[in-house]
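I have placed the structure first, in the form of structure tokens, so that the comments after it can refer back to it.
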Amino acid sequence: MNCSSLPDNQTADFIERFFPFTYNQILENDSGCYDFVNHEYVIWHRSLAEALPLSVQQYGYDSIPNLYTILDTSSLDSAGISRTAEQPFLGNKGRGTLIGIVDTGIDYTNPLLRDPDGSTRIAAIWDQTVSGAGLSTPDPIDALHYGSVYQRSHINEALRSEDPHSIVPTSDPLRHGTQMALVAAGSEDADAFFLRGGAGIGTGRCPLETSQNLSSRFFSDPRGCHRLSGGRHHARNQVSSLYCQAGKKPLVILLGLGTNTGSHSGTSPLGLYLNSLSRASGQILVAAGGNETGRGHHFRSVFPASTSYEDVELRVGPGERGFTLELWARESELYSVGFLSPSGDETGRIRLSGDEERRIPFLLEGTTIHLNYTSSELATGSELILMRFDAPAAGIWKIRVYHTLSIQGEYHMWLPVHGFISDETFFLRPDPDTTITDPGNTAAIITTAAYSHQTGGIYLHSSRGFTRTRTIKPDLAAPGVRLPLPDYQEVTGTSFAAAMTAGAAAILLSWSAYTPSAPRINTSIAKAFLIRGADRQNSIEYPSREWGYGTLNLYNSFLSMRS
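Here the sequence shown is numbered in our numbering, starting from 713 and rising by one per residue.
Right under this line is the structure:
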């Protein structure tokens, strides 16, 4: 099958692991349409008509890509960046590095993304929403079968024309990716809030999920959905191609998207792959922690084995089209569930039934719940109970959780991330902790919380750690509240705190790469340097669920290397 023979909205993508001995078999399969992510994962593309329904039983939980969304709606001094820039041996401003941003695209015509001579500071743009001259190389591992890549020469040509978008037809309608770029690496402007950096910019524009197949499965508005979790639009595929096109400069990968779907332990295909990337020298990965605190989307419980069941109360707002709800247990636990509807209709206990999907209708409400039990999810070994509420009636629903095997009695539930569900749908007894969104739960990358550099307080909605398996997240906090951008007024959220951290990482990486006596740096080493230099308050116990190991102070991080 030719990968371009089917329109994107008629194609389904599936994540599959493969082994070295099956590599040649895949290449010899002329009927297959696929993209290699790395030497472990391959993405199969199938006709949507042949693939439906997208069931966990047929394809497996991790094989169906998740949907991600953007996480947001005098800080340079607070982060120690201004003071670093004043030092003659440290004031490199990130020159010679590339910041690769996986987001909603970029407005390349913005004057603050240009050098003083008017030429672009963008090394390359890979827009997956624009068909045309796609990037292709002889190596099948790096071959890409979709989207268009625009080099710096194309962008400069467009900027010199009267109609730039007739030459480079890429944009950023949601503006989030452009805002991220301005915070991380905008050009110097005395009246603005910028890194004042010399780092180049590479961007990957994720496609909005317009095909309806995944957005229908997750009951999400397709305008806010991005396929990114290890699937066809894998983060590494996004940025690695930009990396190659930019001459293999030292690279900071910035991810400002997130999801509540998954184990919250960093074990999704995307998380596992990002962990492997973190070991590469000359490369730093930074992710936003999410803005889920205070949303009521997480529930945690520890209840004794002597109690046969407990009720989890969930308020569903009016007009909710549908949503997914996931229960994740510890490896030592097994649970089953039942449901009580707002009208009092009760299912009783629905016992474990292997990998069969149970369809549970509620006639009085006009609601259907699709229920899946997975006793041992592949990546974690944990039990996963997946519940899909289709046309849920407004009111108080009760999920009755029963012990099947209990040693510690702990489990978690997560609703979809903010933006994928109504603000009027939430748990009545939520837990504000363990709300870091994926891929921020990935152990080896740098995950950033947001705080106000003006008041010194943590951002109200900044997601809290730790992960479900108690890995320390977030790693640190950075300015991310009411950051002034001249083009877009003020921006707030952990995405922009991550962008600030990425800008600091570019300075650190530039110093490492171009100073002969400096140590070589990868993500793990950069994280250690930033943690050691972070500011900490005597009144807070570290590591903190809100602050990680403290607040970003790049200058202190350089000072910490002297001892």
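Just so it is clear, CB atoms sit at the ideal spot from N, CA and C, and this is done for glycine as well. Given the structure is predicted, the values throughout are model-derived calculations rather than measurements.
**Reference Thr-1149, options Arg-807, Arg-1176 and Leu-1220, closest by Cα** = Arg-1176
**Asked** What is the C-beta distance between Leu-886 and Arg-1027, in whole angstroms, given that I count them as a contact (C-beta under 8 Å)?
**Response** About 29 Å; that fails the 8 Å criterion.
**Request:** Might you give, ordered along the chain, the residues of its own chain that have their beta carbon closer than 6 Å to the beta carbon of Asp-854, omitting 5 neighbours on each side?
**Result:** Below a pLDDT of 50, predicted positions are generally treated as unreliable, and Asp-854, at 43, falls in that range; no measurement from the model is reported.
**Prompt:** For Leu-1039, which option in Glu-1058, Asp-875, Gly-1029 and Ser-1088 has the closest C-alpha, if you only look at C-alpha atoms?
**Reply:** Ser-1088
**Message:** At the level of alpha carbons, what is the spacing between Arg-833 and Leu-1266?
**Reply:** 23 Å
**Request:** Going by CA-CA distance only, name the one from Glu-1069, Pro-1030 and Thr-979 that's closest to Pro-1054.
**Result:** Pro-1030
**Prompt:** From Phe-1270, Leu-1090 and Ser-1013, pick the residue whose C-alpha is nearest to that of Ile-1243; which is it?
**Reply:** Phe-1270
**Request:** Can you tell me which of the three DSSP states Met-1212 falls into?
**Result:** helix
**Prompt:** Secondary structure at Ala-1000, three-state DSSP: helix, strand or coil?
**Reply:** strand
**Request:** Please say whether Gly-1093 and Asp-1187 have beta carbons closer to each other than 7 Å?
**Result:** no
**Item:** Per-residue DSSP class, three states only, for His-1009
**Value:** coil
**Prompt:** Do the CB positions of Val-1129 and Thr-971 come within less than 7 Å of each other?
**Reply:** yes
**Request:** Would you decide whether Arg-1257 is buried or exposed? Buried here means 16 or more other CB atoms lie within 10 Å of its CB.
**Result:** buried
**Message:** Please state the DSSP three-state secondary structure of Leu-1196.
**Reply:** First, the residue type needs correcting, since residue 1196 is Pro and not Leu in the sequence shown. Three-state DSSP puts Pro-1196 in a strand.
**Prompt:** If you run the structure through DSSP and keep just helix, strand and coil, what is Val-895?
**Reply:** helix
**Message:** Please report the distance separating the alpha-carbon of Trp-1109 from that of Leu-997.
**Reply:** 40 Å
**Request:** Quick one: give me the first and last residue of the alpha helix (DSSP H) that Thr-1080 is part of.
**Result:** Unbroken run through Thr-1080 is the beta strand (DSSP E), 1079-1086; no alpha helix (DSSP H).
**Item:** Buried versus exposed call for His-866 [16 or more other C-beta atoms within 10 Å across all chains shown]
**Value:** buried
**Request:** To the nearest angstrom, report how far apart Gly-859 and Thr-882 are at their CA atoms.
**Result:** 11 Å
**Message:** Quick check: the Cα distance between Asp-884 and Thr-841, rounded to an integer number of angstroms?
**Reply:** 11 Å
**Item:** Spatial distance of Pro-1144 from Gly-968 (CA atoms)
**Value:** 21 Å
**Asked** When the Cα of Thr-890 is compared with those of Ala-835, His-877, Ile-879 and Leu-824, which residue comes out closest?
**Response** Leu-824
**Terminal residues of the beta strand (DSSP E) in which Ser-860 lies** = 860-863
**Message:** I'd like the span of the alpha helix (DSSP H) that includes Ser-1269, first residue to last.
**Reply:** 1266-1271
**Request:** State the Cα-Cα distance for the pair Ser-980 and Thr-1181, rounded to the nearest angstrom.
**Result:** 14 Å
**Request:** Compare the C-alpha of Asp-1102 against each of Gln-1201, Leu-1127, Pro-1073 and Tyr-1085 and name the closest.
**Result:** Pro-1073
**Request:** With a cut-off of 8 Å on the beta carbons, I'd call Ala-1246 and Leu-1220 a contact; round off their distance for me.
**Result:** Ala-1246 to Leu-1220, Cβ: 13 Å. No contact.
**Prompt:** Which of the three DSSP states, helix, strand or coil, is assigned to Leu-1037?
**Reply:** strand
**Asked** According to the Cβ coordinates, are Val-895 and Met-1212 closer than 7 Å?
**Response** yes
**Request:** May I ask you to list the residues that DSSP assigns as paired with Gln-1120?
**Result:** Answer is none; Gln-1120 lacks a bridge partner.
**Asked** How close, in whole Å, do the beta carbons of Ile-965 and Ala-897 come, if the pair is a contact with beta carbons under 8 Å?
**Response** With 8 Å as the limit, Ile-965 and Ala-897 do not qualify as a contact, their Cβ atoms being about 13 Å apart.
**Message:** Check this for me: beta carbons of Thr-1005 and His-1173, under 7 Å apart or not?
**Reply:** yes
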